[in-house]
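Report on the structure given below.
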Amino acid sequence: MDLEFAREFVEEWVAGWNSRDLDRILAHYTDDVVFVSPKITELIGEPSGVVSGKGALRDYWAAGLRLLPDLHFTVEDVRVSVDTLVINYRNEKGQAVSEVLTFRDGLVCRGLGAYGPSPS
2 MDLEFAREFV
12 EEWVAGWNSR
22 DLDRILAHYT
32 DDVVFVSPKI
42 TELIGEPSGV
52 VSGKGALRDY
62 WAAGLRLLPD
72 LHFTVEDVRV
82 SVDTLVINYR
92 NEKGQAVSEV
102 LTFRDGLVCR
112 GLGAYGPSPS
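Taking this note's numbering, the leading residue of the sequence shown gets 2, the next gets one more, and so forth.
The following block contains the structure:
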(Lines of atoms letter the chains of each structure in order from A and count residues from 1; the text may use other names and numbers.)
(Lines give C-alpha, C1' and ligand atoms only; values in the text may rest on other atoms or scores of the structure.)
Protein backbone atom coordinates (compact mmCIF):
# COMPACT_ATOMS: atom_id res chain seq x y z
CA MET A 1 0.00 0.00 0.00
CA ASP A 2 1.28 3.45 -0.78
CA LEU A 3 0.42 6.85 0.61
CA GLU A 4 -1.22 8.01 -2.63
CA PHE A 5 -3.72 5.11 -2.54
CA ALA A 6 -4.35 5.77 1.16
CA ARG A 7 -5.01 9.47 0.63
CA GLU A 8 -7.42 8.80 -2.25
CA PHE A 9 -9.21 6.13 -0.25
CA VAL A 10 -9.55 8.37 2.80
CA GLU A 11 -10.83 11.28 0.73
CA GLU A 12 -13.62 9.06 -0.63
CA TRP A 13 -14.20 7.37 2.77
CA VAL A 14 -14.71 10.65 4.64
CA ALA A 15 -16.86 12.08 1.84
CA GLY A 16 -19.09 9.00 2.11
CA TRP A 17 -19.43 9.37 5.86
CA ASN A 18 -19.99 13.11 5.78
CA SER A 19 -22.67 12.71 3.09
CA ARG A 20 -24.26 9.94 5.22
CA ASP A 21 -24.33 7.67 2.15
CA LEU A 22 -24.23 4.14 3.56
CA ASP A 23 -23.96 2.42 0.17
CA ARG A 24 -21.03 4.67 -0.77
CA ILE A 25 -19.27 3.81 2.49
CA LEU A 26 -19.93 0.06 2.25
CA ALA A 27 -18.66 -0.12 -1.34
CA HIS A 28 -15.12 -0.14 0.12
CA TYR A 29 -15.61 -3.29 2.23
CA THR A 30 -15.47 -7.03 1.45
CA ASP A 31 -18.57 -9.19 1.94
CA ASP A 32 -16.77 -11.06 4.75
CA VAL A 33 -15.48 -7.95 6.55
CA VAL A 34 -14.94 -8.09 10.31
CA PHE A 35 -15.21 -4.83 12.26
CA VAL A 36 -14.35 -4.25 15.92
CA SER A 37 -15.34 -1.19 17.95
CA PRO A 38 -16.61 -0.28 21.41
CA LYS A 39 -19.36 1.66 19.62
CA ILE A 40 -20.81 -1.66 18.42
CA THR A 41 -21.60 -2.49 22.04
CA GLU A 42 -22.98 1.00 22.70
CA LEU A 43 -25.11 1.35 19.57
CA ILE A 44 -26.43 -2.15 18.90
CA GLY A 45 -25.80 -3.96 22.17
CA GLU A 46 -23.41 -6.59 20.80
CA PRO A 47 -21.28 -7.39 23.89
CA SER A 48 -18.30 -8.70 21.90
CA GLY A 49 -17.90 -5.36 20.10
CA VAL A 50 -17.53 -7.30 16.83
CA VAL A 51 -19.67 -7.48 13.68
CA SER A 52 -18.94 -9.96 10.90
CA GLY A 53 -20.08 -9.62 7.31
CA LYS A 54 -21.19 -6.66 5.25
CA GLY A 55 -24.86 -7.12 6.24
CA ALA A 56 -24.06 -6.88 9.95
CA LEU A 57 -21.78 -3.92 9.30
CA ARG A 58 -24.61 -2.21 7.38
CA ASP A 59 -26.99 -2.75 10.32
CA TYR A 60 -24.47 -1.32 12.79
CA TRP A 61 -23.65 1.75 10.71
CA ALA A 62 -27.32 2.35 9.84
CA ALA A 63 -28.06 2.43 13.58
CA GLY A 64 -25.19 4.88 14.08
CA LEU A 65 -26.43 7.18 11.35
CA ARG A 66 -29.95 7.10 12.85
CA LEU A 67 -28.77 7.74 16.41
CA LEU A 68 -26.13 10.35 15.54
CA PRO A 69 -27.81 12.87 13.24
CA ASP A 70 -24.88 15.29 13.53
CA LEU A 71 -22.23 12.67 12.67
CA HIS A 72 -19.30 14.30 10.90
CA PHE A 73 -15.62 13.37 10.58
CA THR A 74 -12.62 15.66 10.17
CA VAL A 75 -9.51 13.78 9.08
CA GLU A 76 -6.30 14.82 10.83
CA ASP A 77 -3.81 12.43 9.25
CA VAL A 78 -3.33 9.12 7.48
CA ARG A 79 -0.62 6.49 7.97
CA VAL A 80 0.17 3.42 5.92
CA SER A 81 1.68 -0.01 6.45
CA VAL A 82 1.99 -3.04 4.19
CA ASP A 83 -1.73 -3.81 3.74
CA THR A 84 -3.18 -1.47 6.36
CA LEU A 85 -3.91 2.19 6.78
CA VAL A 86 -4.72 4.23 9.86
CA ILE A 87 -7.07 7.20 9.68
CA ASN A 88 -6.81 9.61 12.59
CA TYR A 89 -9.80 11.90 12.75
CA ARG A 90 -12.15 13.84 15.03
CA ASN A 91 -15.82 13.00 15.19
CA GLU A 92 -18.72 15.42 15.55
CA LYS A 93 -18.03 15.71 19.30
CA GLY A 94 -14.36 16.60 18.75
CA GLN A 95 -13.31 13.20 20.09
CA ALA A 96 -10.07 11.75 18.70
CA VAL A 97 -10.65 8.50 16.81
CA SER A 98 -8.33 6.13 14.96
CA GLU A 99 -9.67 3.74 12.36
CA VAL A 100 -7.33 0.89 11.43
CA LEU A 101 -8.28 -0.72 8.12
CA THR A 102 -6.68 -3.82 6.59
CA PHE A 103 -7.14 -4.44 2.87
CA ARG A 104 -7.46 -7.47 0.65
CA ASP A 105 -7.67 -7.02 -3.13
CA GLY A 106 -8.30 -3.28 -2.76
CA LEU A 107 -11.16 -3.58 -0.26
CA VAL A 108 -11.27 -3.41 3.55
CA CYS A 109 -11.51 -6.90 5.05
CA ARG A 110 -10.90 -5.94 8.70
CA GLY A 111 -11.47 -2.73 10.58
CA LEU A 112 -10.97 -1.49 14.10
CA GLY A 113 -12.19 1.73 15.67
CA ALA A 114 -10.30 3.11 18.69
CA TYR A 115 -11.54 6.13 20.64
CA GLY A 116 -9.81 8.70 22.80
CA PRO A 117 -11.44 10.39 25.75
CA SER A 118 -14.58 12.40 25.11
CA PRO A 119 -13.96 16.14 25.17
CA SER A 120 -15.31 17.97 28.21
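All C-beta atoms in this analysis are idealised placements derived from N, C-alpha and C, irrespective of residue type, glycine included.
Measuring CB to CB, does residue 100 end up less than 8 Å from residue 91? no
Bridge partner(s) assigned by DSSP for residue 86: 81, 102
Quick check on residue 83: buried or exposed, where buried means 16 or more other Cβ atoms within 10 Å of its Cβ? exposed
Any contact between the segment 39 to 49 and the segment 15 to 23? By contact I mean 3 or more CB pairs, one from each, below 8 Å. no
In angstroms, rounded to a whole number, what distance separates the CA positions of residue 53 and residue 17? 21 Å
Pick helix, strand or coil for residue 139, following the three-state DSSP scheme. Absent from the structure is residue 139, since the part of the chain shown begins at 2 and ends at 121.
Through-space distance from residue 8 to residue 81, alpha-carbon basis: 10 Å
Should residue 6 be labelled buried (16 or more other beta-carbon atoms within 10 Å of its own) or exposed? exposed
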